[in-house]
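Protein sequence lines correspond, in order, to chains V and R. All residue numbers for the first sequence refer to this note's numbering, where the first residue is 1 and numbers rise by one. All residue numbers for the second sequence refer to this note's numbering, where the first residue is 248 and numbers rise by one. In what follows, a single structure is set out as structure tokens and then discussed.
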Amino acid sequence: MRSSFRIIRCYTTAANSNNFAEEMKKHFIPTNSFQKAILTVGSAAISLLNPHRGDMIACLGEVTGESALIHMQQRISETQEGLEILKEKPRINSKTVSFDKLAEMPENTLGRVYADFMTENNITADSRLPVQFIEDPELAYVMQRYREVHDLVHATLFMRTTMLGEVTVKWVEGIQTTLPMCINGGIWGAGRLKPKHRQMYLKYYLPWAIKTGNNAKFMQGIYYEKRWDQDIDDFHREMNIVRLVKK
Amino acid sequence: MALRTRILKLSNLRCVTQQASRLRAMSTQSTQTSPKEGPATATEEMKPGQTHFGFQVVAEEEKTKKVHEVFETVAEKYDLMNDVMSMGIHRMWKDIFMCRLAPQPETKLLDMAGGTGDIAFRYIKYLQNLGPSQGTHSSVTVCDINQAMLDVGKQRAQKLGYTPESCGVEINWKCADAERLDLPDDSYTAYTIAFGIRNCTHIDKVLEEAYRVLTPGGRFMCLEFSQLPNDTLQWVYDQYSFQVIPVLGQLFAGQWKPYQYLVESIRQFPNQEKFKSMIEDAGFRQVTYENLTFGTCAIHSGFKI
């Protein structure tokens, strides 16, 4: 089943989990429930008014996400692959992943699909914010991992970073992770769609997202860094993902 | 005694928001505090060459660097945040400050730590409201240690259309350290510093420099956060400061830590009476102060005679 599951050391450097705990400590900001309440209301309001404030969406995700993170941690630890992630705590950024090398990989490999996605949408893996408000380093890591594989979820589902693509990915993630931020993003984000996209959303994207979210394997529990050379169709088969076909 | 309880109260408050290590430092301070020692205690805990950065004790050079970083990161959002945190009241404090200074057309003002121009623009407005000046020449030198803040101020001046021709006041922008001004002795008739002196590493040196650059008869005026004489009001104010202000920073400016520093540095600043005696120690006479909004802020004034 995992024919092409192979570790490619030269493409990724294993991050030290101790480093992560230290880094988390540096960024951690202690808050009480009163402060969390204002942060929740405030960040939700600001995210709605100005979707470009990515930091507010991140903040909202953290202050409302505790029980979802426990759920995610549990789901990740269900597989051997997931346990490895939780143990090694790998990070995804331009220091740990060589995008130049990924871009040179054969077409149709996971690595190439990811690198192409990043170039096409003109985004960098370094723009993911550090977790600030989660005290437990293990849960903080789950949130950090969620953020860092978000682009990989986009890439492997072939969803662009348009509002339509974003909302669709949020639904898949929301169903799998149960993060309130994702679910709300799916619901309220859809309200910002233009008429043409809204029609496509209701006809194709939403039903597909719900199906994918329910059928696919847990996407935060995939050690993508060890699958760069896996064929994307093989990857889809393994993860129970069916590509969206519009007709 | 009141001070001791306040320090204790503060250390309790910090339980919520501070890491264990810092908390330990705080509680050591409060248990070792004998009531008589009062505000000097914190200083006693520090080794020579150390100072406060908020509630942290850091090396003196480090404070300068850290304060610099804080203002570099907040410069752009500085004015918005002032409005959000004080609910607009800071505008009134600054207006009152300018009324108390009551500049005249021949005033030569040095506005220290005035990067974004809040005081300088009020000064210009005040002079304009006096009516056309008859050939007298007034000027303001806006000094700030941080170029990022000065840039914001320059942009605002441009937007407001303040050129020497249009407003009749000469504006100079200068990046300088309040503790070491490269300005000649006896060269200004007024020196103002609004919400700036708290961030300086050596307050005494700042005051000495202010004294040096002022002409005899010149006036020193300082607007700064202070202590509320009423314990209940101080409690309410503390809750707002520690519980709400950093959250507002996160929401409106995307930054928590600079605003945590802000509220901590306010608590570390000497109270009205202590600051008054520091001003007197620098040589100023006729030193008085006035509380604004129950003592949230105070305006200190002194003359070089």
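We put the beta carbon where it would ideally sit given N, CA and C, even for glycine.
Legend entry - Range covered by the alpha helix (DSSP H) that runs through P180 (chain V): Your numbering for residue 180 (chain V) matches position 180 in the first sequence. Counting along the chain, the alpha helix (DSSP H) containing P180 (chain V) begins and ends at P180 to A190.
Legend entry - Chain-ordered chain V contacts of L509 (chain R) [CB-CB under 8 Å]: As a position in the second sequence, residue 509 (chain R) is number 262, starting the count at 1. Result: empty, since nearest Cβ-Cβ is about 15 Å, beyond 8 Å.
Legend entry - Check whether A322 (chain R) and A437 (chain R) have beta carbons under 7 Å apart: Residue mapping note: residue 322 (chain R) aligns to position 75 of the second sequence, counting from 1. Residue mapping note: residue 437 (chain R) aligns to position 190 of the second sequence, counting from 1. No, these two residues do not count as a Cβ contact at 7 Å.
Inset, instruction - In the DSSP assignment, find the alpha helix (DSSP H) that holds I343 (chain R) and state where it starts and stops. - result: As a first step, residue 343 (chain R) is located in the second sequence; it is residue number 96 there, counting from the start. Residues I336 to L348.
Inset, instruction - Give a yes or no on whether 7 Å exceeds the smallest Cβ distance from V494 (chain R) to chain V. - result: On the second sequence, position 247 is the one that residue 494 (chain R) refers to. Chain V, which has a Cβ nearer than 7 Å to the Cβ of V494 (chain R), makes this yes.
Legend entry - Beta-carbon spacing of V169 (chain V), M181 (chain V) below 7 Å: Here residue 169 (chain V) refers to the residue found at position 169 of the first sequence. Here residue 181 (chain V) refers to the residue found at position 181 of the first sequence. No, the pair does not count as a contact, with Cβ atoms beyond the cut-off.
Legend entry - Residues that F550 (chain R) bridges to, as DSSP identifies them: Translated into positions along the second sequence, residue 550 (chain R) becomes position 303. For F550 (chain R), which the question treats as bridged, DSSP gives the partners R:R466 and R:R532.
Legend entry - Exposure of L397 (chain R), with buried meaning 16 or more beta-carbon neighbours within 10 Å: Locating residue 397 (chain R) in the second sequence gives position 150, where the first residue counts as 1. It is buried - the Cβ of L397 (chain R) has at least 16 other Cβ atoms within 10 Å.
Legend entry - Given R445 (chain R) as reference, the closest of R:L348, R:N477 and R:P517 once Cα atoms are compared: Within the second sequence, the letter at position 198 stands for residue 445 (chain R). That would be R:P517, whose Cα lies nearest to the Cα of R445 (chain R).
Legend entry - Beta-bridge pairing of R427 (chain R) - partner residues as DSSP gives them: By 1-based counting over the second sequence, the position of residue 427 (chain R) is 180. Beta-bridge pairing links R427 (chain R) to R:D424.
Inset, instruction - Could you list which residues in chain R have their beta carbon closer than 8 Å to that of L39 (chain V), in chain order? - result: Numbered from 1 along the first sequence, position 39 holds the residue referred to as residue 39 (chain V). Result: V494, Q497 and L498.
Legend entry - I46 (chain V): first and last residue of the uninterrupted alpha helix (DSSP H) it sits in: For this step, residue 46 (chain V) is matched to residue 46 along the first sequence. Run containing I46 (chain V): S33 to L49, per the alpha helix (DSSP H) assignment.
Inset, instruction - Alpha carbon to alpha carbon, how far is I92 (chain V) from M118 (chain V)? Give it in angstroms, no decimals. - result: Mapped onto the first sequence, residue 118 (chain V) falls at position 118. Mapped onto the first sequence, residue 92 (chain V) falls at position 92. For M118 (chain V) and I92 (chain V), the distance between alpha carbons rounds to 13 Å.
Inset, instruction - On a CA-only basis, which of R:N538, R:G542, R:D528 and R:G361 is nearest F550 (chain R)? Give me that one, please. - result: Within the second sequence, residue 550 (chain R) is the residue found at index 303, counting from 1. Closest option to F550 (chain R), Cα to Cα, is R:D528.
Inset, instruction - Identify the contact partners of W503 (chain R) in chain V, using a Cβ-Cβ distance below 8 Å as the criterion. - result: Taking the first residue of the second sequence as 1, we reach residue 503 (chain R) at position 256. Those within 8 Å of W503 (chain R) in chain V are I29 and Q132.
Legend entry - Closer than 7 Å to chain R by CB, Q74 (chain V): Locating residue 74 (chain V) in the first sequence gives position 74, where the first residue counts as 1. False, the Cβ-Cβ gap to chain R never drops below 7 Å.
Legend entry - Strand pairing of F300 (chain R), partner residues [DSSP]: Stepping through the second sequence from its first residue, residue 300 (chain R) is reached at position 53. Answer is R:Q303.
Legend entry - CB contact below 7 Å: D55 (chain V) versus chain R: Within the first sequence, residue 55 (chain V) is the residue found at index 55, counting from 1. True, the Cβ-Cβ gap to chain R drops below 7 Å.
Inset, instruction - Please go through the same chain and pick out, in chain order, the residues whose beta-carbon is closer than 8 Å to the beta-carbon of Y11 (chain V), but skip the five residues on each side of it. - result: Counting from 1 along the first sequence, the entry for residue 11 (chain V) is found at position 11. Any answer about Y11 (chain V) is weak, because its pLDDT of 47 lies below 50 and its placement is not dependable; what the coordinates show is given next. The residues are V97, S98, K101, L102, G111, E225 and W228.
Inset, instruction - Please decide whether Q80 (chain V) counts as near chain R, where near means a Cβ-Cβ distance under 7 Å. - result: What you label residue 80 (chain V) is simply residue 80 of the first sequence in a count that begins at 1. No, because no Cβ of chain R sits closer than 7 Å to the Cβ of Q80 (chain V).
Legend entry - Contiguous alpha helix (DSSP H) assignments of at least 4 residues, all confined to the stretch 107 to 179 of chain V: 110 to 120, 137 to 156 and 163 to 177
Legend entry - F34 (chain V) burial status per 10 Å Cβ neighbour count (16 or more: buried): In the first sequence, counting from the first residue as 1, residue 34 (chain V) sits at position 34. With fewer than 16 Cβ atoms within 10 Å of its Cβ, F34 (chain V) is classed as exposed.
Legend entry - chain R residues whose Cβ lies nearer than 9 Å to that of G42 (chain V): Taking the first sequence and counting its residues from 1, the one referred to as residue 42 (chain V) is at position 42. Going along chain R in sequence order, the residues near G42 (chain V) (Cβ under 9 Å) are V494, L495, Q497, L498 and F499.
Inset, instruction - Label C390 (chain R) either buried or exposed according to how many other C-beta atoms from any shown protein chain fall within 10 Å of its C-beta, with 16 as the threshold for buried. - result: Residue mapping note: residue 390 (chain R) aligns to position 143 of the second sequence, counting from 1. Per the 10 Å Cβ criterion, buried.
Inset, instruction - Using 10 angstroms around the beta-carbon of M339 (chain R), count the other beta-carbons present and answer buried if the total reaches 16, otherwise exposed. - result: Here residue 339 (chain R) is taken as the residue at index 92 of the second sequence, counted from 1. Under this definition M339 (chain R) is an exposed residue.
Inset, instruction - Can you give me, in chain order, the residues of the stretch 370 to 396 of chain R that have a beta carbon less than 7 Å from any beta carbon in chain V? - result: Against chain V - using a Cβ distance shorter than 7 Å - the stretch 370 to 396 of chain R contributes no residues.
Legend entry - Start and end residues, beta strand (DSSP E) containing D391 (chain R): Reading the second sequence from its first residue, position 144 is the one you call residue 391 (chain R). That run of the beta strand (DSSP E) goes S385 to D391.
Legend entry - T388 (chain R) to C447 (chain R) span [Cα, whole Å]: Residue 388 (chain R) sits at position 141 when you count from the first residue of the second sequence. Residue 447 (chain R) sits at position 200 when you count from the first residue of the second sequence. Just so you know, the alpha carbons of T388 (chain R) and C447 (chain R) end up roughly 19 Å apart.
Legend entry - C-beta contact flag for G221 (chain V) and G82 (chain V) at 7 Å: Position 221 of the first sequence holds residue 221 (chain V). Position 82 of the first sequence holds residue 82 (chain V). In this structure, G82 (chain V) lies closer than 7 Å to G221 (chain V) by Cβ.
Inset, instruction - Would you please verify whether the beta carbon of Q35 (chain V) is less than 7 Å from any beta carbon of chain R? - result: Counting from 1 along the first sequence, the entry for residue 35 (chain V) is found at position 35. With 7 Å as the cut-off, Q35 (chain V) counts as an interface residue toward chain R.
Inset, instruction - To the nearest angstrom, report how far apart D433 (chain R) and V453 (chain R) are at their CA atoms. - result: Walking along the second sequence from the start, residue 433 (chain R) turns up at place 186. Walking along the second sequence from the start, residue 453 (chain R) turns up at place 206. Taking the straight line joining both Cα atoms gives about 15 Å.
Inset, instruction - Classify E78 (chain V) as buried or exposed, calling it buried when 16 or more other Cβ atoms lie within 10 Å of its own Cβ. - result: On the first sequence, position 78 is the one that residue 78 (chain V) refers to. So E78 (chain V) ends up on the exposed side.
Legend entry - Neighbouring residues, chain V, relative to Q490 (chain R) (Cβ below 9 Å): Taking the second sequence and counting its residues from 1, one reaches residue 490 (chain R) at position 243. Correct list: N32, F34, Q35 and I38.
Legend entry - Residues of its chain near V131 (chain V), where Cβ-Cβ distance is below 7 Å and the 5 sequence neighbours each way are ignored: Translated into positions along the first sequence, residue 131 (chain V) becomes position 131. Counting only Cβ-Cβ distances below 7 Å, and skipping sequence neighbours, we find M24, H27, E62, A140, M143 and Q144.
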